[in-house]
Structures are given as C-alpha cells and as structure tokens.
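Worksheet for the structure shown next.
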Amino acid sequence: MDRATTQLSALIEQKIGQRDYRAGEEFSVALFQLYSEPKDYDPQAMLNALSPNITDVAYLNQLPAERFVELLVLMHGLEKRVSPSVLFTDFYEAVTEIGIHQVRTANWSFSSGVSSILSYFTLADGLDNRHVYLEKIMHAFDTVLTSGTGDADIDQKTSDLLCDYSLATGITGVLISLLKACQYMKDNERISNTVQRISCWVETQMNVIKDNIIDVNWELASMAFFPTSIEQADDLVQVSNELTWSDGDLGHVFLLYLAADFWQDSDYYRLAERIGMYTLLRKDFASTGISHSSFKRGSAGLVYTYDALWRYSKNSKYQQGAAFWYQQTIDLLASDVLDSYYEQSFFSLFDGVIGTALIEEAVRKGTGREDWMDMMLL
6 MDRATTQLSA LIEQKIGQRD YRAGEEFSVA LFQLYSEPKD YDPQAMLNAL
56 SPNITDVAYL NQLPAERFVE LLVLMHGLEK RVSPSVLFTD FYEAVTEIGI
106 HQVRTANWSF SSGVSSILSY FTLADGLDNR HVYLEKIMHA FDTVLTSGTG
156 DADIDQKTSD LLCDYSLATG ITGVLISLLK ACQYMKDNER ISNTVQRISC
206 WVETQMNVIK DNIIDVNWEL ASMAFFPTSI EQADDLVQVS NELTWSDGDL
256 GHVFLLYLAA DFWQDSDYYR LAERIGMYTL LRKDFASTGI SHSSFKRGSA
306 GLVYTYDALW RYSKNSKYQQ GAAFWYQQTI DLLASDVLDS YYEQSFFSLF
356 DGVIGTALIE EAVRKGTGRE DWMDMMLL
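Using this note's numbering, the first residue of the sequence shown is number 6, and each one after it goes up by one.
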C-alpha cells in the first residue's frame with residue numbers, strides 16, 4: 006500500500022472513530038466498514054442499526070438521491086452476509102413501491118431514480134422471487150411508455166431525460182438497466198409482451214443515439230464519439246471530451262456490448278469494439294477531463310469502468326486500460342489528499358473518498374467486485 010493510500014485509510018478510520026460525519030452519511034460509512042479491512046464489523050448488527058427506517062417508504066423518499074443509491078449498494082452487500090429476514094422482504098416491498106412511483110414521475114436515471122432499483126433486483130441472485138418485483142416495475146414502465154402519464158410536466162421531464170446522454174443522470178444508464186432487466190426476464194412468459202415492448206423502445210432510443218454519433222477524426226485520439234446532450238428546441242448537439250464513469254463514451258460502449266448479446270447483432274459488437282479501443286488512446290486531461298481521483302467524474306471511475314468492460318467483453322485491452330487508470334488514481338490521490346480535495350464531500354461513494362478507497366482496495370486485493378462494484382450499473 007503506497008503512502009497516499011495509507012494516509013487516506015488512516016484518515017477515514019480516524020473520522021469514523023470520532024464519528025466525524027454528518028447525518029445521511031452513515032450509509033457511506035457502513036459501506037467502507039463492510040467492504041474494507043479490518044473485517045471485524047458485524048453485518049447483522051449493521052443491518053439491525055438500519056431498521057426500521059429502511060422499510061419506511063416516506064423515509065426512503067426523503068433521502069437525497071445518491072444516498073438512496075448508497076443504501077441499495079449496502080443492502081446488496083448485506084444480503085450476501087446475513088441470514089434472510091423479514092426486514093429484507095419489507096425492504097423489497099418498499100423499494101418496489103418507490104420504483105413504481107419513480108417510473109410514473111420520470112425519475113428514471115441511475116443516480117436519482119428507478120434504474121438503480123432495477124440494477125439492484127437484477128443482481129439479487131439469492132432472491133427467489135425477484136422476478137415479482139422486477140415484473141411490477143417493468144409493467145409500470147410499459148404503461149408509461151405506451152400511454153404516457155397524462156401529466157404534461159412529467160412527460161416533458163421524460164423528454165428532457167432522453168436528451169441527456171449521461172450514464173449517471175441520463176438515458177444511457179436507463180437503457181442499460183432496462184436491457185439487463187429484459188435479458189433476465191425474457192424467458193418469463195407472464196411478462197413476454199412487456200419485455201418485447203420495452204426492448205423495442207430501448208432499441209429505438211439506441212438508434213437515435215447512434216444517429217447522433219459525432220464524425221470524429223479516427224487518427225486523433227482526443228474526441229468523444231457521443232454527444233453529452235441534445236437541446237430539443239434547436240437540435241443543438243452538446244459535445245464534451247469528458248471520459249468518466251458518469252459521462253462520455255464508455256457507458257455507450259457497454260450498452261452496445263449488451264445490445265450485441267441481447268439481439269445477437271454483430272454490428273453493435275463491432276461498433277462497441279471500435280469505439281472502446283479508441284477510448285484507450287485518450288490518456289490526458291485534454292482528452293478525458295480527468296484531474297482528480299474520485300469515482301463519479303474522476304480516475305477511480307475509469308478503473309471501475311474499464312474493469313467492467315474487460316470482464317464483460319473478455320477483451321484484455323480493457324484490462325490494460327484499468328491498470329493504467331489505477332496508477333493514475335494512486336498518483337492523483339496523493340495530490341487530492343495533500344490539497345484536502347475531499348473535505349467538502351468526504352463520506353460519499355460518488356464524489357468522496359469512499360468510492361476511491363474501495364476501488365483501490367478492490368484492485369489491490371482482487372476482491373469486492375462481486376458485491377458493490379456490480380451494483381454500479383456496468
């Protein structure tokens with residue numbers, strides 16, 4: 006463990022020991038305790054400490070969006086470590102109710118809505134009846150996609166989301182989570198028509214995104230292929246060279262790989278490979294916008310994303326990309342710690358030290374991916 010990582014771990018442990026964290030940050034603190042060394046935390050006690058709030062729909066609805074995602078990631082890890090309990094069943098019911106409400110109010114994105122819930126249930130291997138919860142949420146999606154909501158403001162919110170190509174806050178994350186859910190549910194005869202309609206809608210949205218691929222000079226490894234957003238009023242395409250977990254080409258690349266498998270379409274696969282390989286040439290600030298080590302918009306998120314692409318596609322070039330950005334993360338972490346970069350949002354999986362620290366440990370120890378990392382959509 007290098008000096009910066011050692012300093013960071015010591016600082017995290019110190020703040021936790023002194024309870025130097027704000028209300029709402031306890032999920033992030035618990036994530037660090039659950040997935041990091043030393044392994045002397047009691048998962049059952051951790052679960053008990055969360056009760057009864059986590060089964061209270063009103064309480065869950067009041068959580069800041071990214072705190073809700075942290076709770077889902079935490080519960081995903083706790084499921085693997087404790088015996089089934091009534092609390093889990095009540096939590097599933099509460100989360101499903103929230104998911105249906107989010108569908109109907111156009112809160113679809115990963116970091117603020119139902120896409121994280123779809124990801125949660127799709128990954129719940131130990132949950133025998135998870136198809137029941139997925140079915141309820143997918144039926145709600147089908148109804149909205151087929152008939153709309155009848156509310157002009159909510160329908161406008163949906164239109165705005167379709168113009169945002171971000172993985173974290175836009176349509177890309179929605180399409181990934183829906184396609185994964187369709188893949189899991191496609192052999193379920195009870196919901197076959199719903200899966201068919203949703204997957205057709207996903208394909209339509211993917212074609213819109215493909216139609217807006219930017220004409221990039223392939224010889225210059227500095228440009229993004231996909232726009233960040235499109236202004237509806239005048240079809241103005243917004244372009245950024247940001248390459249992060251949250252924004253940029255890599256989320257689209259993963260979506261293309263998923264689509265290639267779901268529809269057995271070699272064109273999707275070739276496009277994913279071509280653009281994915283091109284991103285590996287982008288290694289500096291000018292071509293990525295990376296200047297810090299954080300997860301959401303920093304180098305740690307790239308470590309995670311390239312690792313996910315490698316594991317999914319089996320293309321070892323992505324493993325090399327993850328290794329490159331891991332070293333960049335260690336280097337950037339040293340300056341971030343020195344400059345107190347994380348002080349304003351210390352205990353946060355997305356913007357704080359927790360995502361960075363857990364990525365570092367997962368790579369260094371080769372563990373943890375089967376838990377929290379899988380929940381981050383890719």
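Where is the CB? At the ideal position from N, CA and C, for every residue including glycine.
- Sixteen is the threshold: when 16 or more other Cβ atoms of the shown chains lie within 10 Å of the Cβ of Ile103, as they do, the residue is buried.
- Look at Leu128 here: in three-state DSSP terms it is coil, with no helix or strand label.
- According to the DSSP secondary-structure assignment, Leu241 is paired through a beta bridge with Glu236.
- By the CB criterion at 9 Å, Phe290 and Tyr26 fall outside the cutoff.
- Glu208 is a Cβ neighbour of Ala264, given a cutoff of 9 Å.
- The DSSP assignment places 48-55, 62-67, 70-84 and 91-109 as complete runs of the alpha helix (DSSP H) inside the stretch 45-119, in order along the chain (cut-off: 4 residues).
- When secondary structure is reduced to three states using DSSP, Asp379 falls in the helix class.
- CA-to-CA, the gap between His106 and Ala99 works out to about 11 Å.
- A Cβ-Cβ contact shorter than 9 Å links Phe32 with Leu79.
- In terms of Cβ geometry, Leu123 and Ala186 form a close pair [threshold 9 Å].
- DSSP, reduced to helix, strand and coil, places Asp341 within a helical segment of the structure shown.
- Judged by DSSP secondary structure, Gly256 falls within the alpha helix (DSSP H) whose first and last residues are Asp254 to Trp268.
- The bridge partners DSSP lists for Asp216 come to none.
- Your pair Ala15 and Val342 does not check out as a contact, with CB atoms roughly 10 Å apart and the cut at 8 Å.
- Annotation: the continuous alpha helix (DSSP H) that includes Glu366 extends over Val358 to Lys370.
- In this structure Gln333 is buried. Its beta-carbon is surrounded by 16 or more other beta-carbon atoms within 10 angstroms.
- Leu354 is a Cβ neighbour of Glu71, given a cutoff of 9 Å.
- Scanning Thr284, Glu30 and Arg275 for the CA closest to the CA of Phe230 turns up Thr284.
- Contact between Asn246 and Gly294 holds: CB atoms are separated by about 6 Å, below the 8 Å threshold.
- In the DSSP assignment, Glu278 falls within the alpha helix (DSSP H) that extends over Ser271 to Thr284.
- Spatial neighbours of Gly178 in its own chain (CB-CB distance under 8 Å, excluding positions within 5 residues in sequence) are listed in chain order as Ser114, Phe115, Ser116, Ser120, Ser171, Leu172, Gly256 and Leu382.
- A straight-line Cα-Cα distance of about 19 Å links Lys162 and Met211.
- In this structure, Gly175 places its C-beta atom within 9 Å of the C-beta atom of Ser234.
- Of all alpha-carbon atoms in Ser164, Arg202 and Ser318, the one lying nearest the alpha-carbon of His144 is that of Arg202.
- Taking 9 Å as the cut-off, the Cβ atoms of Ala305 and Gly253 do not count as close.
- Secondary structure note for Phe32: its alpha helix (DSSP H) is the uninterrupted segment Glu31 to Tyr40.
- The C-alpha of Ile196 is placed about 35 Å away from the C-alpha of Pro48.
- Taking all protein chains shown into account, Ala54 has fewer than 16 neighbouring C-beta atoms within 10 Å of its C-beta and is therefore exposed.
- Cβ contact annotation for Val149 (same chain, cutoff 7 Å, sequence separation greater than five): Val108 and Arg109, in chain order.
- With a 10 Å radius around the Cβ and a threshold of 16 neighbouring Cβ atoms, Arg302 comes out buried.
- A distance of 9 Å or more separates the beta carbons of His81 and Asp312.
- In this structure, DSSP gives Asp289 a state outside helix and strand, which the three-state scheme calls coil.
- Taking the Cα positions, Thr199 is about 27 Å away from Asn66.
- According to the DSSP secondary-structure assignment, Asp192 is paired through a beta bridge with no residue.
- CA-to-CA, the gap between Leu68 and Leu52 works out to about 18 Å.
- For Asp169, the pairing in a beta bridge is given by DSSP as Ser234.
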